[in-house]
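Notes follow the structure.
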DNA sequence: CAGGATCCAGACGTGGATCCGT
DNA sequence: ACGGATCCACGTCTGGATCCTG
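Protein chains in written order, with the numbering used here: chain W, 189 to 405; chain Y, 189 to 405.
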């Protein structure tokens, strides 16, 4: 267990110190086993970086660095540093907030340390990239807020079951469960009880790409 | 995995067939490891008997034999067959029922298969006793109902924190948690939020002793 | 390519009870 | 003796994400 960074400066220094390291090098220094594939072990990279940076792993309803109010996100990138995947933000709550600024999505996105990791090489040779600490620009917040309002509106009016990943410019809703047989209780548009898969909010790949470009240029 | 008994008759036949077996013999036939102590492994005996009798293990909010509406209880007895310990019934629910016949305690106690097990010998040599299938007599139900009403009254009026195991003639409330640092939210008598240990309903040893005597004589 | 589906680790809750100090 | 405290197994939930098929 590594202690938590005491300040934003210290966190950024740590992030800088691991930039450029290969996964093999970082994992070995932390006595953390390298998996042979990510198909099984999908969350391995995120846990490795939490450990390396001193995030409080496994805590719910709190940012990864509670004292700093900073969220940690790993972002898989290709050979030219461009994000390759959407980013999971949080599960869709049972009790949906009514105001954007009260939402879990807003609080998660308020201040995020994005740590890019190469995905185009064999796992041991993949390198940690230079992290960027991002807050939303007013323009970005406006887009996310609009998306969130649209999605939330559909959820509240009972259209959760017809809410596909196609909605939302930068923020979308997709399934989030161990498998498709997992269901939870919901209320449909007619007010009747129904069953739906648990869902999560995800950031589209383009959004994350824009964040990284903004800080790298 | 052993299939579930199809009828009360079949269940009683199974119980009879394991009566007299030593724990070593029964565990071995089920390929279930014998522990060297019960201090660690407190629930081992209950799980062994669930497996031996075909109960649906690990299911919540249902009797152990759902099709038969029968609950399975292991009862530790001394050299002369007398119960030595109180019996855990169920956890105290967050939302307390208002009517005795709607309560979890009532439904758990409605029909119980009590399986005595000797505790005065070394673990491998302890023998399974003859089980008894018990329903509450009107007199027993009256006592339990009175106890339940008294305890429930105290819980509802916010006196949960001053509710000790001393209350109740046959049914009592005691802590039920991994350790005393575990707390859950509650409301005190003044209506203020407070924290208490999770609790459970337990049958006093005398009650269980009376059940066994009633069927053995 | 991207929407829908899936996978692991670790925390947490519940059911199975017995332990142990005063 | 018994009231208060504790211990294990196992299923479920949550946070970490990437997989994969049309």
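Don't be surprised by glycine CBs; every beta carbon is placed ideally from N, CA and C.
Counted as a single uninterrupted DSSP element, the alpha helix (DSSP H) harbouring residue 202 of chain Y occupies residues 196 to 206. For the pair residue 305 of chain Y and residue 199 of chain Y, the CB atoms are not nearer than the 8 Å cut-off. Runs of the beta strand (DSSP E) lying entirely within the segment 355 to 393 of chain W, each at least 3 residues long, are 359 to 363, 372 to 375, 381 to 384 and 387 to 391 in chain order. Looking at W:378, W:322 and W:296, the one whose alpha-carbon comes closest to that of residue 276 of chain W is W:296. Around the beta-carbon of residue 258 of chain W, 16 or more other beta-carbon atoms lie within 10 Å, marking it buried. DSSP places residue 306 of chain W in the uninterrupted beta strand (DSSP E) bounded by 299 to 306. Proximity of the segment 339 to 355 of chain W to the segment 309 to 318 of chain W falls short of the contact definition, fewer than three beta-carbon pairs being nearer than 8 Å. If you draw a straight line from the Cα of residue 260 of chain W to the Cα of residue 237 of chain W, it comes to about 8 Å. A residue is called buried once 16 or more other Cβ atoms fall within 10 Å of its Cβ, and residue 400 of chain Y is buried on that count. Take the alpha-carbon of residue 215 of chain Y and the one of residue 376 of chain Y: they are about 47 Å apart.
A buried status is given to residue 396 of chain Y, since no fewer than 16 other beta-carbon atoms sit within 10 Å of its beta-carbon.
The closest CA to that of residue 317 of chain Y, considering only Y:194, Y:193 and Y:210, is found on Y:210. Along the length of the segment 272 to 345 of chain W, whole beta strand (DSSP E) runs at least 3 residues long occupy 275 to 279, 299 to 306 and 320 to 323, reported in chain order. Looking at the DSSP output, residue 260 of chain Y shares a beta bridge with Y:301. The beta carbon of residue 324 of chain W sits closer than 8 Å to those of 297, 298 and 332, all from its chain and outside the five residues before and after it, given in chain order.
For residue 234 of chain Y, the enclosing alpha helix (DSSP H) covers residues 232 to 241. Taking a 10 Å sphere around the C-beta of residue 291 of chain Y, we find 16 or more other C-beta atoms and assign the residue as buried.
Just measuring C-alpha positions, the residue of W:268, W:293 and W:240 sitting nearest residue 249 of chain W is W:293.
Assigned with DSSP and collapsed to three states, residue 210 of chain Y falls in strand. Contact between residue 398 of chain W and residue 383 of chain W does not hold, since the beta-carbon distance rounds to 36 Å and is not under 8 Å.
Relative to the Cα of residue 389 of chain W, the nearest Cα in the group W:404, W:289 and W:281 belongs to W:281. Short of 8 Å from the beta carbon of residue 357 of chain W, and not among the five residues preceding or following it, lie these beta carbons of its own chain, in chain order: 331, 334, 335 and 392. Between residue 314 of chain Y and the set Y:286, Y:266, Y:279 and Y:194, the nearest pair of CA atoms involves Y:266.
Residues 256, 258 and 321 of the same chain have their beta carbon placed closer than 8 Å to that of residue 196 of chain Y, with the five preceding and five following residues left out of the count. By the neighbour-count criterion, in which 16 or more other beta carbons inside 10 Å mark a residue as buried, residue 360 of chain Y falls on the buried side. Between residue 192 of chain W and residue 242 of chain W, the C-beta spacing is below 8 Å. Of the candidates Y:366, Y:351 and Y:381, the residue whose Cα lies closest to the Cα of residue 228 of chain Y is Y:366. The beta carbon of residue 208 of chain W sits closer than 7 Å to the beta carbons of 315 and 316 from its chain, once the five residues preceding and following it are set aside; these are given in chain order.
By the neighbour-count definition (other C-beta atoms within 10 Å, threshold 16), residue 224 of chain Y is an exposed residue. Just so you know, the alpha carbons of residue 190 of chain Y and residue 347 of chain W end up roughly 44 Å apart. Around the beta-carbon of residue 226 of chain Y, fewer than 16 other beta-carbon atoms lie within 10 Å, marking it exposed. Rounded to whole angstroms, the Cβ separation of residue 203 of chain Y and residue 319 of chain Y is 4 Å, and the two are in contact under 8 Å. Residue environment for residue 245 of chain W: exposed (fewer than 16 other C-beta atoms within 10 angstroms of its C-beta).
Residue 247 of chain W has its alpha-carbon roughly 21 Å from the corresponding atom of residue 368 of chain Y. Put simply, of Y:240, Y:231, Y:201 and Y:230 the residue whose alpha carbon is nearest the alpha carbon of residue 219 of chain Y is Y:240.
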